[in-house]
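In our numbering, the protein residues as written are 962 to 1371.
To start, the structure itself, in C-alpha coordinates.
Okay, here's the thing in C-alpha coordinates:
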(Lines of atoms letter the chains of each structure in order from A and count residues from 1; the text may use other names and numbers.)
(Lines give C-alpha, C1' and ligand atoms only; values in the text may rest on other atoms or scores of the structure.)
Protein backbone atom coordinates (compact mmCIF):
# COMPACT_ATOMS: atom_id res chain seq x y z
CA UNK A 1 0.00 0.00 0.00
CA UNK A 2 2.82 2.36 0.87
CA UNK A 3 4.47 2.03 -2.54
CA UNK A 4 1.14 2.34 -4.33
CA UNK A 5 0.37 5.56 -2.49
CA UNK A 6 3.86 6.85 -3.27
CA UNK A 7 3.30 6.13 -6.99
CA UNK A 8 0.14 8.16 -6.93
CA UNK A 9 1.71 11.02 -4.96
CA UNK A 10 4.52 11.26 -7.52
CA UNK A 11 2.04 11.37 -10.39
CA UNK A 12 2.61 7.83 -11.66
CA UNK A 13 -0.69 6.15 -12.41
CA UNK A 14 -0.88 2.63 -10.96
CA UNK A 15 -1.94 0.00 -13.44
CA UNK A 16 -3.93 -3.17 -12.93
CA UNK A 17 -0.81 -5.10 -11.92
CA UNK A 18 -0.05 -2.55 -9.20
CA UNK A 19 -3.52 -2.88 -7.74
CA UNK A 20 -3.65 -6.67 -8.03
CA UNK A 21 -0.46 -6.93 -5.96
CA UNK A 22 -2.09 -4.92 -3.16
CA UNK A 23 -5.31 -6.92 -3.41
CA UNK A 24 -3.40 -10.20 -3.10
CA UNK A 25 -1.60 -8.86 -0.03
CA UNK A 26 -4.96 -8.00 1.54
CA UNK A 27 -6.30 -11.47 0.71
CA UNK A 28 -3.22 -13.11 2.19
CA UNK A 29 -3.75 -11.10 5.37
CA UNK A 30 -7.46 -12.09 5.39
CA UNK A 31 -8.42 -8.40 5.31
CA UNK A 32 -11.58 -8.46 3.19
CA UNK A 33 -12.64 -4.92 4.14
CA UNK A 34 -9.37 -3.48 2.93
CA UNK A 35 -9.44 -5.57 -0.26
CA UNK A 36 -12.95 -4.37 -1.08
CA UNK A 37 -11.93 -0.76 -0.43
CA UNK A 38 -9.02 -1.01 -2.87
CA UNK A 39 -11.19 -2.64 -5.54
CA UNK A 40 -13.68 0.22 -5.12
CA UNK A 41 -10.82 2.67 -5.57
CA UNK A 42 -10.02 0.97 -8.88
CA UNK A 43 -13.57 1.05 -10.18
CA UNK A 44 -14.62 4.49 -8.85
CA UNK A 45 -11.30 6.32 -8.73
CA UNK A 46 -10.61 9.16 -6.29
CA UNK A 47 -9.09 12.62 -6.17
CA UNK A 48 -5.57 11.31 -6.82
CA UNK A 49 -6.28 8.44 -9.15
CA UNK A 50 -8.11 7.67 -12.35
CA UNK A 51 -10.39 4.70 -12.80
CA UNK A 52 -8.50 1.47 -13.47
CA UNK A 53 -10.60 -1.40 -14.78
CA UNK A 54 -9.97 -4.47 -12.61
CA UNK A 55 -9.48 -7.81 -14.32
CA UNK A 56 -10.49 -11.31 -13.20
CA UNK A 57 -7.30 -11.64 -11.12
CA UNK A 58 -8.24 -8.56 -9.09
CA UNK A 59 -11.78 -9.75 -8.48
CA UNK A 60 -10.56 -13.22 -7.53
CA UNK A 61 -8.24 -11.75 -4.90
CA UNK A 62 -11.21 -9.96 -3.29
CA UNK A 63 -13.41 -13.07 -3.53
CA UNK A 64 -10.62 -15.03 -1.86
CA UNK A 65 -10.34 -12.47 0.95
CA UNK A 66 -14.10 -12.55 1.54
CA UNK A 67 -14.23 -16.35 1.52
CA UNK A 68 -11.35 -16.62 3.98
CA UNK A 69 -13.26 -14.44 6.44
CA UNK A 70 -16.53 -16.41 6.04
CA UNK A 71 -18.18 -13.60 4.09
CA UNK A 72 -19.61 -15.85 1.39
CA UNK A 73 -22.40 -13.35 0.67
CA UNK A 74 -19.80 -10.71 -0.25
CA UNK A 75 -17.82 -13.22 -2.33
CA UNK A 76 -21.04 -14.00 -4.22
CA UNK A 77 -21.64 -10.25 -4.66
CA UNK A 78 -18.28 -9.77 -6.35
CA UNK A 79 -18.89 -12.69 -8.71
CA UNK A 80 -22.13 -10.99 -9.76
CA UNK A 81 -20.25 -7.71 -10.10
CA UNK A 82 -17.71 -9.39 -12.40
CA UNK A 83 -20.52 -10.62 -14.64
CA UNK A 84 -22.13 -7.14 -14.72
CA UNK A 85 -18.82 -5.66 -15.84
CA UNK A 86 -18.57 -8.21 -18.65
CA UNK A 87 -15.76 -10.17 -16.99
CA UNK A 88 -16.13 -13.95 -17.10
CA UNK A 89 -15.59 -15.52 -13.65
CA UNK A 90 -12.89 -18.19 -13.73
CA UNK A 91 -12.54 -21.58 -12.08
CA UNK A 92 -10.70 -19.85 -9.23
CA UNK A 93 -13.59 -17.44 -8.68
CA UNK A 94 -15.92 -20.33 -7.86
CA UNK A 95 -13.46 -22.85 -6.38
CA UNK A 96 -12.46 -20.40 -3.64
CA UNK A 97 -16.06 -20.36 -2.40
CA UNK A 98 -16.50 -24.11 -2.89
CA UNK A 99 -13.35 -24.81 -0.90
CA UNK A 100 -14.44 -22.62 2.00
CA UNK A 101 -17.93 -24.13 2.17
CA UNK A 102 -16.58 -27.68 1.97
CA UNK A 103 -14.06 -27.04 4.74
CA UNK A 104 -16.71 -25.60 7.03
CA UNK A 105 -18.95 -28.63 6.46
CA UNK A 106 -21.52 -26.92 4.25
CA UNK A 107 -21.30 -29.57 1.54
CA UNK A 108 -24.77 -28.82 0.23
CA UNK A 109 -23.77 -25.18 -0.28
CA UNK A 110 -20.53 -26.27 -1.96
CA UNK A 111 -22.43 -28.51 -4.38
CA UNK A 112 -24.84 -25.67 -5.21
CA UNK A 113 -21.89 -23.49 -6.17
CA UNK A 114 -20.47 -26.32 -8.24
CA UNK A 115 -23.76 -26.51 -10.14
CA UNK A 116 -23.87 -22.72 -10.44
CA UNK A 117 -20.38 -22.84 -11.88
CA UNK A 118 -21.44 -25.39 -14.52
CA UNK A 119 -24.59 -23.41 -15.36
CA UNK A 120 -22.43 -20.32 -15.92
CA UNK A 121 -20.47 -22.26 -18.54
CA UNK A 122 -17.32 -22.43 -16.43
CA UNK A 123 -15.78 -25.89 -16.55
CA UNK A 124 -14.95 -27.10 -13.08
CA UNK A 125 -11.59 -28.77 -12.64
CA UNK A 126 -10.92 -31.91 -10.65
CA UNK A 127 -9.64 -29.85 -7.70
CA UNK A 128 -13.11 -28.35 -7.21
CA UNK A 129 -14.63 -31.82 -7.03
CA UNK A 130 -11.88 -33.12 -4.75
CA UNK A 131 -12.69 -30.38 -2.23
CA UNK A 132 -16.20 -31.76 -1.81
CA UNK A 133 -15.18 -35.41 -2.06
CA UNK A 134 -12.74 -34.87 0.82
CA UNK A 135 -15.65 -33.78 2.98
CA UNK A 136 -17.68 -36.86 2.07
CA UNK A 137 -14.70 -39.05 2.99
CA UNK A 138 -14.54 -37.42 6.42
CA UNK A 139 -18.25 -37.98 7.02
CA UNK A 140 -18.19 -41.48 5.53
CA UNK A 141 -20.97 -40.68 3.05
CA UNK A 142 -20.12 -43.15 0.28
CA UNK A 143 -23.47 -42.75 -1.48
CA UNK A 144 -23.18 -39.00 -2.04
CA UNK A 145 -19.49 -39.30 -2.89
CA UNK A 146 -20.36 -41.83 -5.62
CA UNK A 147 -23.11 -39.58 -7.02
CA UNK A 148 -20.69 -36.64 -7.17
CA UNK A 149 -17.95 -38.76 -8.74
CA UNK A 150 -20.35 -40.01 -11.43
CA UNK A 151 -21.50 -36.44 -12.02
CA UNK A 152 -17.89 -35.39 -12.51
CA UNK A 153 -17.36 -38.10 -15.13
CA UNK A 154 -20.61 -37.14 -16.89
CA UNK A 155 -19.36 -33.55 -17.13
CA UNK A 156 -16.16 -34.81 -18.79
CA UNK A 157 -13.93 -33.73 -15.89
CA UNK A 158 -10.93 -36.05 -15.88
CA UNK A 159 -10.30 -37.54 -12.40
CA UNK A 160 -6.74 -37.58 -11.11
CA UNK A 161 -4.94 -39.88 -8.68
CA UNK A 162 -6.04 -37.82 -5.66
CA UNK A 163 -9.67 -38.08 -6.76
CA UNK A 164 -9.52 -41.86 -7.13
CA UNK A 165 -7.68 -42.22 -3.83
CA UNK A 166 -10.46 -40.31 -2.09
CA UNK A 167 -13.03 -42.70 -3.56
CA UNK A 168 -10.94 -45.74 -2.61
CA UNK A 169 -10.65 -44.35 0.90
CA UNK A 170 -14.40 -44.01 1.40
CA UNK A 171 -14.99 -47.55 0.08
CA UNK A 172 -12.20 -48.90 2.30
CA UNK A 173 -13.77 -47.34 5.39
CA UNK A 174 -16.91 -49.34 4.71
CA UNK A 175 -15.05 -52.54 3.83
CA UNK A 176 -16.55 -52.36 0.33
CA UNK A 177 -13.88 -54.34 -1.51
CA UNK A 178 -15.97 -54.75 -4.68
CA UNK A 179 -16.06 -50.97 -5.13
CA UNK A 180 -12.33 -50.74 -4.41
CA UNK A 181 -11.62 -53.11 -7.30
CA UNK A 182 -14.00 -51.10 -9.47
CA UNK A 183 -12.08 -47.86 -8.79
CA UNK A 184 -8.73 -49.52 -9.51
CA UNK A 185 -10.09 -50.77 -12.85
CA UNK A 186 -11.42 -47.29 -13.63
CA UNK A 187 -7.99 -45.82 -12.89
CA UNK A 188 -6.42 -48.09 -15.51
CA UNK A 189 -9.18 -47.31 -18.01
CA UNK A 190 -8.70 -43.55 -17.49
CA UNK A 191 -4.94 -43.83 -17.77
CA UNK A 192 -4.43 -42.68 -14.18
CA UNK A 193 -1.51 -44.33 -12.41
CA UNK A 194 -2.29 -45.85 -9.02
CA UNK A 195 0.38 -44.92 -6.49
CA UNK A 196 1.45 -46.29 -3.14
CA UNK A 197 -1.25 -44.23 -1.40
CA UNK A 198 -3.86 -45.90 -3.61
CA UNK A 199 -2.84 -49.39 -2.52
CA UNK A 200 -2.11 -48.53 1.11
CA UNK A 201 -5.57 -47.00 1.32
CA UNK A 202 -7.21 -49.92 -0.49
CA UNK A 203 -5.68 -52.51 1.84
CA UNK A 204 -7.63 -50.99 4.75
CA UNK A 205 -10.85 -52.19 3.14
CA UNK A 206 -9.60 -55.78 3.01
CA UNK A 207 -8.54 -55.53 6.65
CA UNK A 208 -11.99 -54.30 7.63
CA UNK A 209 -13.71 -57.13 5.75
CA UNK A 210 -11.06 -59.68 6.86
CA UNK A 211 -10.67 -60.68 3.20
CA UNK A 212 -7.30 -62.43 3.03
CA UNK A 213 -7.62 -63.73 -0.58
CA UNK A 214 -8.55 -60.23 -1.71
CA UNK A 215 -5.68 -58.68 0.26
CA UNK A 216 -3.21 -61.13 -1.27
CA UNK A 217 -4.54 -60.37 -4.76
CA UNK A 218 -4.17 -56.64 -4.07
CA UNK A 219 -0.56 -57.21 -3.05
CA UNK A 220 0.07 -58.99 -6.37
CA UNK A 221 -1.57 -56.11 -8.25
CA UNK A 222 0.65 -53.65 -6.41
CA UNK A 223 3.80 -55.52 -7.42
CA UNK A 224 2.52 -55.84 -11.00
CA UNK A 225 2.42 -52.02 -11.16
CA UNK A 226 6.03 -51.79 -10.06
CA UNK A 227 5.31 -50.76 -6.46
CA UNK A 228 6.96 -52.48 -3.52
CA UNK A 229 4.76 -53.05 -0.45
CA UNK A 230 6.01 -51.33 2.69
CA UNK A 231 5.65 -52.15 6.39
CA UNK A 232 2.15 -50.65 6.43
CA UNK A 233 0.92 -53.18 3.86
CA UNK A 234 2.55 -56.12 5.60
CA UNK A 235 1.10 -54.99 8.93
CA UNK A 236 -2.31 -55.01 7.25
CA UNK A 237 -1.73 -58.65 6.25
CA UNK A 238 -0.82 -59.44 9.86
CA UNK A 239 -3.96 -57.70 11.07
CA UNK A 240 -6.16 -59.69 8.68
CA UNK A 241 -4.48 -62.86 9.98
CA UNK A 242 -5.32 -61.77 13.53
CA UNK A 243 -8.95 -61.15 12.62
CA UNK A 244 -9.08 -64.63 11.10
CA UNK A 245 -7.28 -66.08 14.14
CA UNK A 246 -4.70 -67.59 11.78
CA UNK A 247 -1.37 -67.61 13.60
CA UNK A 248 0.32 -69.73 10.94
CA UNK A 249 -0.49 -67.24 8.20
CA UNK A 250 0.63 -64.32 10.36
CA UNK A 251 3.99 -65.99 10.87
CA UNK A 252 4.24 -66.57 7.11
CA UNK A 253 3.77 -62.85 6.45
CA UNK A 254 6.27 -62.05 9.17
CA UNK A 255 8.86 -64.21 7.40
CA UNK A 256 8.07 -62.46 4.11
CA UNK A 257 8.74 -59.10 5.77
CA UNK A 258 12.11 -60.29 6.98
CA UNK A 259 12.95 -61.73 3.54
CA UNK A 260 12.27 -58.34 1.97
CA UNK A 261 14.49 -56.59 4.49
CA UNK A 262 11.71 -54.69 6.25
CA UNK A 263 12.07 -53.84 9.92
CA UNK A 264 9.15 -54.53 12.22
CA UNK A 265 7.50 -51.46 13.72
CA UNK A 266 5.08 -51.02 16.63
CA UNK A 267 2.17 -52.04 14.40
CA UNK A 268 3.90 -55.30 13.44
CA UNK A 269 4.49 -56.31 17.05
CA UNK A 270 0.97 -55.28 18.07
CA UNK A 271 -0.52 -57.41 15.29
CA UNK A 272 1.49 -60.44 16.43
CA UNK A 273 0.40 -59.91 20.05
CA UNK A 274 -3.17 -59.66 18.78
CA UNK A 275 -3.14 -62.87 16.75
CA UNK A 276 -1.44 -64.84 19.54
CA UNK A 277 -4.03 -63.53 22.00
CA UNK A 278 -6.87 -64.39 19.62
CA UNK A 279 -5.80 -68.05 19.48
CA UNK A 280 -5.25 -68.19 23.24
CA UNK A 281 -1.45 -68.50 23.05
CA UNK A 282 -0.85 -65.87 25.71
CA UNK A 283 2.65 -67.11 26.46
CA UNK A 284 3.76 -66.38 22.90
CA UNK A 285 1.88 -63.07 23.00
CA UNK A 286 3.87 -62.02 26.06
CA UNK A 287 7.07 -63.01 24.32
CA UNK A 288 6.16 -60.67 21.47
CA UNK A 289 5.42 -57.94 24.02
CA UNK A 290 8.91 -58.38 25.47
CA UNK A 291 10.47 -58.23 22.00
CA UNK A 292 8.46 -55.11 21.26
CA UNK A 293 9.66 -53.35 24.41
CA UNK A 294 13.23 -54.52 23.80
CA UNK A 295 13.13 -52.71 20.44
CA UNK A 296 12.07 -49.50 22.19
CA UNK A 297 8.39 -49.60 21.24
CA UNK A 298 5.62 -48.98 23.75
CA UNK A 299 2.52 -51.12 23.45
CA UNK A 300 -0.70 -49.15 23.19
CA UNK A 301 -3.72 -49.32 25.47
CA UNK A 302 -5.51 -51.42 22.84
CA UNK A 303 -2.66 -53.94 22.56
CA UNK A 304 -2.39 -54.36 26.32
CA UNK A 305 -6.16 -54.61 26.63
CA UNK A 306 -6.31 -57.44 24.07
CA UNK A 307 -3.62 -59.36 25.94
CA UNK A 308 -5.11 -58.74 29.39
CA UNK A 309 -8.50 -59.95 28.16
CA UNK A 310 -6.93 -63.10 26.69
CA UNK A 311 -5.03 -63.88 29.89
CA UNK A 312 -8.06 -63.15 32.10
CA UNK A 313 -10.23 -65.35 29.88
CA UNK A 314 -7.91 -68.27 30.65
CA UNK A 315 -8.48 -67.60 34.36
CA UNK A 316 -4.89 -66.49 34.93
CA UNK A 317 -5.66 -63.65 37.34
CA UNK A 318 -2.06 -63.30 38.49
CA UNK A 319 -0.90 -62.95 34.88
CA UNK A 320 -3.61 -60.39 34.05
CA UNK A 321 -2.78 -58.34 37.15
CA UNK A 322 0.92 -58.52 36.31
CA UNK A 323 0.18 -57.09 32.86
CA UNK A 324 -1.89 -54.28 34.33
CA UNK A 325 0.98 -53.42 36.68
CA UNK A 326 3.21 -53.35 33.61
CA UNK A 327 0.85 -50.87 31.99
CA UNK A 328 0.96 -48.64 35.04
CA UNK A 329 4.75 -48.81 35.12
CA UNK A 330 4.87 -47.79 31.45
CA UNK A 331 2.33 -45.00 32.06
CA UNK A 332 -0.12 -46.62 29.63
CA UNK A 333 -3.71 -45.77 30.50
CA UNK A 334 -5.90 -48.81 31.00
CA UNK A 335 -9.26 -48.65 29.26
CA UNK A 336 -12.60 -49.67 30.73
CA UNK A 337 -12.44 -52.89 28.69
CA UNK A 338 -9.09 -53.73 30.33
CA UNK A 339 -10.51 -53.39 33.83
CA UNK A 340 -13.76 -55.08 32.80
CA UNK A 341 -11.80 -58.16 31.69
CA UNK A 342 -10.30 -58.46 35.18
CA UNK A 343 -13.60 -57.77 36.96
CA UNK A 344 -15.41 -60.33 34.79
CA UNK A 345 -12.74 -62.94 35.43
CA UNK A 346 -13.13 -62.37 39.19
CA UNK A 347 -16.90 -62.61 38.83
CA UNK A 348 -16.69 -65.96 37.08
CA UNK A 349 -14.61 -67.27 39.98
CA UNK A 350 -17.07 -65.83 42.50
CA UNK A 351 -14.29 -63.69 43.96
CA UNK A 352 -16.37 -60.70 45.13
CA UNK A 353 -13.63 -58.93 47.10
CA UNK A 354 -11.22 -59.03 44.19
CA UNK A 355 -13.89 -57.84 41.73
CA UNK A 356 -14.82 -54.96 44.03
CA UNK A 357 -11.17 -54.08 44.52
CA UNK A 358 -10.63 -53.78 40.77
CA UNK A 359 -13.76 -51.66 40.35
CA UNK A 360 -12.50 -49.32 43.08
CA UNK A 361 -9.03 -49.24 41.52
CA UNK A 362 -10.63 -48.42 38.19
CA UNK A 363 -12.30 -45.34 39.69
CA UNK A 364 -9.05 -44.33 41.44
CA UNK A 365 -7.22 -44.49 38.10
CA UNK A 366 -9.79 -42.09 36.64
CA UNK A 367 -11.24 -44.66 34.22
CA UNK A 368 -14.99 -44.35 33.94
CA UNK A 369 -16.84 -47.53 34.94
CA UNK A 370 -19.67 -48.53 32.61
CA UNK A 371 -22.67 -50.85 32.82
CA UNK A 372 -20.43 -53.86 32.07
CA UNK A 373 -18.13 -53.00 35.01
CA UNK A 374 -20.94 -52.85 37.54
CA UNK A 375 -22.82 -55.80 36.04
CA UNK A 376 -19.74 -57.99 36.46
CA UNK A 377 -19.53 -57.14 40.18
CA UNK A 378 -23.26 -57.76 40.58
CA UNK A 379 -22.75 -61.11 38.84
CA UNK A 380 -19.96 -61.99 41.31
CA UNK A 381 -22.26 -61.20 44.23
CA UNK A 382 -25.06 -63.27 42.72
CA UNK A 383 -22.75 -66.20 42.13
CA UNK A 384 -21.76 -66.08 45.78
CA UNK A 385 -25.50 -65.92 46.70
CA UNK A 386 -24.98 -62.54 48.34
CA UNK A 387 -28.16 -60.81 47.16
CA UNK A 388 -28.02 -57.79 49.56
CA UNK A 389 -24.54 -57.00 48.31
CA UNK A 390 -25.67 -57.31 44.69
CA UNK A 391 -28.57 -54.93 45.35
CA UNK A 392 -26.21 -52.41 46.97
CA UNK A 393 -24.08 -52.40 43.83
CA UNK A 394 -27.13 -51.87 41.63
CA UNK A 395 -28.03 -48.82 43.76
CA UNK A 396 -24.40 -47.58 43.58
CA UNK A 397 -24.55 -47.98 39.84
CA UNK A 398 -27.78 -45.99 39.53
CA UNK A 399 -26.41 -43.28 41.83
CA UNK A 400 -23.47 -42.97 39.42
CA UNK A 401 -25.98 -42.26 36.66
CA UNK A 402 -25.55 -45.59 34.89
CA UNK A 403 -28.73 -47.37 33.96
CA UNK A 404 -28.86 -51.12 34.66
CA UNK A 405 -29.54 -53.33 31.65
CA UNK A 406 -30.92 -56.84 31.23
CA UNK A 407 -27.51 -58.38 31.96
CA UNK A 408 -27.39 -56.57 35.32
CA UNK A 409 -30.84 -57.76 36.35
CA UNK A 410 -30.23 -61.30 35.15
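Glycine residues also receive a C-beta, built at the ideal position from the N, C-alpha and C atoms.
This one's a predicted model, so the numbers in the text were calculated from it and none came from an experiment.
(request) Verify whether the separation of the beta carbon atoms of residue 985 and residue 1014 is less than 8 Å. (result) no
(request) Within the segment 1180 to 1249, note down every full alpha helix (DSSP H) run reaching 4 residues or more, in order along the chain. (result) 1192 to 1204, 1208 to 1220 and 1227 to 1239
(message) Please classify residue 1174 as buried or exposed, where buried requires at least 16 other C-beta atoms within 10 Å of its C-beta.
(response) exposed
(request) Locate the alpha helix (DSSP H) running through residue 1377, then write down its first and last residues. (result) Look at the range of the chain in this structure, 962 to 1371, and you will see that residue 1377 is not part of it.
(message) Measuring only the C-alpha atoms, how far is residue 1362 from residue 1332?
(response) Rounded to the nearest angstrom, the two C-alpha atoms are 10 Å apart.
(request) Helix, strand or coil for residue 1116, going by three-state DSSP, please let me know. (result) coil
(message) Am I right that residue 1281 and residue 1273 are in contact with their C-beta atoms under 8 Å? What's the rounded C-beta distance?
(response) 4 Å
(request) Under 8 Å by Cβ, that's how I've got residue 1097 and residue 1074 pegged, so tell me the actual separation to the nearest angstrom. (result) Beta-carbon to beta-carbon, residue 1097 and residue 1074 are separated by about 16 Å, too far to satisfy the 8 Å threshold.
(request) Measure from the alpha carbon of residue 1180 to the alpha carbon of each residue in 1170, 1171, 1161 and 1169, then state which is nearest. (result) 1161
(request) Hey, could you find the ends of the alpha helix (DSSP H) residue 976 is sitting in? (result) Neither: residue 976 is in no alpha helix (DSSP H) and is coded neither H nor E.
(request) Decide if residue 1257 is buried, meaning its Cβ has at least 16 other Cβ atoms within 10 Å, or exposed. (result) exposed
(message) Quick check: residue 1066 and residue 1103, are their CB atoms within less than 8 Å of each other?
(response) no
(message) For residue 1107 and residue 1128, what's the separation of their Cα atoms in angstroms?
(response) 8 Å
(request) In the DSSP assignment, find the unbroken alpha helix (DSSP H) run with residue 1083 in it and report its ends. (result) Element bounds for residue 1083: n/a, residue is neither H nor E.
(request) For the alpha helix (DSSP H) containing residue 1002, list its first residue and its last residue. (result) 993 to 1005
(request) For residue 964, count neighbouring C-beta atoms within 10 Å of its own C-beta (all shown protein chains included) and say buried if the count is 16 or more, exposed if not. (result) Residue 964 is exposed by the Cβ-count criterion.
(request) Output the distance between the C-alpha atoms of residue 1239 and residue 1117, rounded to the nearest integer angstrom. (result) 49 Å
(message) Spatial neighbours of residue 1344 within its chain, please: C-beta separation below 6 Å, excluding the five flanking residues on both sides.
(response) Counting only Cβ-Cβ distances below 6 Å, and skipping sequence neighbours, we find 1311.
(message) What would DSSP say about residue 1125, mapped onto helix, strand or coil?
(response) Here residue 1125 sits in helix by DSSP.
(request) Note the first and the last residue of the continuous alpha helix (DSSP H) segment covering residue 1032. (result) In the DSSP annotation of this structure, residue 1032 is not part of any alpha helix (DSSP H), being labelled neither H nor E.
(message) Taking the alpha helix (DSSP H) that residue 1303 belongs to, which residues open and close that run?
(response) 1297 to 1310
(request) Determine the contact status of residue 1171 and residue 1197, defining contact as a CB-CB distance below 8 Å. (result) No.
(request) Mark residue 1144 as exposed unless 16 or more other C-beta atoms lie within 10 angstroms of its C-beta, in which case mark it buried. (result) buried
(message) Mapping the DSSP letters down to three states, classify residue 1015 as helix, strand or coil.
(response) Three-state result, residue 1015: coil.
(request) Could you say which of 974, 1099, 1044 and 1352 lies nearest to residue 1063 if we only look at CA atoms? (result) The option with the nearest alpha carbon to residue 1063 is 1099.
(message) Taking the alpha-carbon of residue 1358 as reference, which of 1086, 1329 and 980 has the nearest alpha-carbon?
(response) 1329
(message) Could you check whether residue 1051 and residue 1087 sit closer than 8 Å to each other, using their CB atoms as the reference points?
(response) no
(request) Go ahead and label residue 1061 buried or exposed: buried means 16 or more other beta carbons lie within 10 angstroms of its beta carbon, across all protein chains shown. (result) buried
(message) What does the alpha-carbon distance come out to for the pair residue 1110 and residue 1154?
(response) When rounded, the distance between both Cα atoms is 18 Å.
(request) Hey, could you find the ends of the alpha helix (DSSP H) residue 1349 is sitting in? (result) 1348 to 1360
(message) Suppose you measure from the CA of residue 1040 to the CA of residue 1148; what does that come to, to the nearest Å?
(response) Cα to Cα, residue 1040 sits roughly 35 Å from residue 1148.
(request) State the start and end residues of the unbroken alpha helix (DSSP H) segment that holds residue 1268. (result) Residues 1262 to 1274.
(request) Would you give the residue range spanned by the alpha helix (DSSP H) that residue 1060 belongs to? (result) 1052 to 1064
(message) Contact between the segment 1258 to 1266 and the segment 1284 to 1301 is defined here as three or more beta-carbon pairs at a separation below 8 Å; is this criterion met?
(response) yes
(message) Looking only at its chain, what residues have a beta carbon closer than 6 Å to the beta carbon of residue 1016, apart from the 5 residues adjacent to it on each side?
(response) 977
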